[in-house]
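As numbered in full-length UniProt numbering, residues 1 to 408 make up the sequence shown, in order. What follows is one structure encoded as C-alpha cells, with my remarks underneath.
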Amino acid sequence: MTGADDHDEENVMRRRRSRNRSETASPALAFGKLPRLLLLLVVLLPIAEWSASAIMARLDSRAKAVTLSDDDIVKLYGTDQPAQYREALAEMPQAHDGTYAPLTEYRMPARQGRHLTIDGQGIRGGVMGADGPRVVVFGGSTAFGHGLTDGETIAAIMAAKLAQDGRPARVENRATPGWYSTQDRIAFAEMLATGDKPDVAVFIHGVDDFLSCGKPERTAWSDRLARVGIPAGLETVVRQSALAALVRRLTGMPEPSGPVPHNPACASDSQAEASLARLDANRRLIAAMAERFGVKPVFVQQPVPTYHYDNAKRAVPVEPHLMVPYVPVAKGYARLAEMRGTGKLWEQDLLWLAELEPGEANAYIDPVHYAPAFARLIGETLARRVGDLLPATAFDGASPAANPPAAQ
1 MTGADDHDEE
11 NVMRRRRSRN
21 RSETASPALA
31 FGKLPRLLLL
41 LVVLLPIAEW
51 SASAIMARLD
61 SRAKAVTLSD
71 DDIVKLYGTD
81 QPAQYREALA
91 EMPQAHDGTY
101 APLTEYRMPA
111 RQGRHLTIDG
121 QGIRGGVMGA
131 DGPRVVVFGG
141 STAFGHGLTD
151 GETIAAIMAA
161 KLAQDGRPAR
171 VENRATPGWY
181 STQDRIAFAE
191 MLATGDKPDV
201 AVFIHGVDDF
211 LSCGKPERTA
221 WSDRLARVGI
231 PAGLETVVRQ
241 SALAALVRRL
251 TGMPEPSGPV
261 PHNPACASDS
271 QAEASLARLD
281 ANRRLIAAMA
291 ERFGVKPVFV
301 QQPVPTYHYD
311 NAKRAVPVEP
321 HLMVPYVPVA
331 KGYARLAEMR
341 GTGKLWEQDL
351 LWLAELEPGE
361 ANAYIDPVHY
371 APAFARLIGE
381 TLARRVGDLL
391 PATAFDGASP
401 AANPPAAQ
C-alpha cells in the first residue's frame, strides 16, 4: 500500500468519525434546546391568548354596534334623541355576558354605563323609590328592560307611578336576561331562605318560558357549565381558546360542536304543553312560598307580539325569519288563552296583560322587547295592582319619593 493510499484511507476514516459525532450531537443539541423552546412557549402562549381575547372583544363590540339608522330609532322609540338610544342599545348585556351565580347558574355582572347600571347583586338601576314597603321584580330581558334606559324599565315606571300616587315603595329590578319561571322560583326561594323578605314580589312571565322546554330543565348557561366538568382534551382546549376562536372568526371556520347538544325551542305542541305545565307549577310553588312567608305575589302574563298584537302596526317592519324563533310563544299563548276561556287556567294572583297595547304608539323595538311607551303602560298598569297590595299603614304621613327613578 502506497503512502497516497494511506492518506486517502485516513481522510475517509476522519470523515466517518466526524459524521458519527454530528449524528450523536444532533439529538443532544435538540434536547438541549427543548427547555428553551418550552419556556418560550410558556411565555408567548398566554400573551397570544390575551391578545386574541382583546381582539375578539373588539370584534364582538363592533358586531354588537347598533346598525339601525337614526330614522329607524326615531320611529321605534318615539324620540328626537336617537344618539341616546344608540348608546343604550350598545350597553345592553345578553345572557352569555353573565357571571356564574349559585343555583340559578348565572346573573348579570355589576356594570356602570351612561344608561345602564347593575349593582353587585344583579339589581338594575339600584333601589328605586323612597323608604317604605319593598317590591322586587323578577323576569327575563323584557322585564330587565333590554334597549331601555334605567329610568324607562317597567320596574322604574312602576316605582315612579307609586310615588306619584302617594304610595311610595322601594322597588328592585332583579330581572335577568334569559331567565324564566324556574330561575325566578329558585331566586325567590333563596331570598326567603336567607331572611330577605320583600312585601310584594312581581313575576313577569311569558316569552322565555316557551323558549326552553327540555328535560331536565336547562338555562342559557347550562351548556357552558356542563363543559366545565369535561376532561380538558384537545377538542375542549381548542373550543375554549381565544386564539383558536380568533382563527375561526378570521378564516370562517365553523365552531366545534358542543358536547351537550339540545334543542331549546319548544317546536311541538307537546313541548309547548310541557312548558305551560312547568309555568303553572312554578307559579303555584311561588304562591305557596309567598303565602307561608307573608309576601304578596303578582304574576304578570306579559304582552307578546305573537298573540293578539297586529305586527303590521310596527313602526319598523321586522323580517319574518326573525319571528320564527317565537313560534313556540304563539303556541303557548294560544293554549293559555284557551285554558283561561274555559276556566282551566290557575289565575290566583294573576295580572293578565296579554291583550294590552300602547294605543297608537309603537310597541316593540325589535322582535319582542318593549318600546318606551309600551314599558310605561305596563309599568303604570302594574303599579295600580301593586299599590293595592301594599300595607296601608305604610303610607300614614308618607313623604314624596326621596329617590324617584328619572326617565333618561
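The C-beta atom is built at its ideal place from N, Cα and C for all residues, glycine as well.
Which class does proline 367 belong to by DSSP, given the choice of helix, strand or coil? coil
Which one of Pro177, Phe299 and Met339 has the shortest CA to CA distance from tryptophan 352? Phe299
Tell me the DSSP secondary structure of methionine 323 in three-state form. helix
Please return the same chain residues whose Cβ sits closer than 6 Å to the Cβ of lysine 331, not counting the five positions on each side in sequence. Ala272
Nearest to glutamate 87 by CA position, among His115, Gly145, Asp280 and Ala189, is which residue? His115
Flag this pair as yes or no: are the beta carbons of alanine 371 and leucine 76 separated by less than 8 Å? yes
Whole angstroms is fine: what's the gap from glutamate 152's alpha carbon to glycine 145's? 7 Å
Helix, strand or coil for arginine 174, going by three-state DSSP, please let me know. coil
Assumed close pair leucine 336, valine 200 - CB separation to whole angstroms, cut-off 8 Å: Between valine 200 and leucine 336 the Cβ distance is about 23 Å, and since that is not below 8 Å, they are no contact.
Can you tell me which of the three DSSP states glutamine 302 falls into? coil
Mind checking whether methionine 289 and phenylalanine 188 have CB atoms under 8 Å apart? yes
So, using beta-carbon positions, are isoleucine 204 and valine 137 closer together than 8 Å? yes
First and last residue of the alpha helix (DSSP H) that includes arginine 314? No alpha helix (DSSP H) contains arginine 314, which DSSP labels as neither H nor E.
Outcome for threonine 176 when other beta-carbon atoms lying within 10 angstroms are tallied against a minimum of 16: buried
Let's see if you can read the secondary structure: which residues bound the alpha helix (DSSP H) around tyrosine 85? 82-91
Quick one: measure Cβ to Cβ for isoleucine 118 and arginine 174, integer angstroms, because I've assumed they're closer than 8 Å. Rounded, the Cβ-Cβ distance is 10 Å, inconsistent with contact.
If I follow the unbroken alpha helix (DSSP H) through arginine 385, where does it start and stop? 372-389
Mapping the DSSP letters down to three states, classify alanine 101 as helix, strand or coil. strand
Distance between beta carbons of asparagine 311 and serine 181, contact taken as under 8 Å: Actually they are not in contact, since the Cβ atoms of serine 181 and asparagine 311 sit about 25 Å apart, beyond 8 Å.
How would you label glycine 120, buried or exposed, when you count the other beta carbons within 10 angstroms and need 16 or more for buried? exposed
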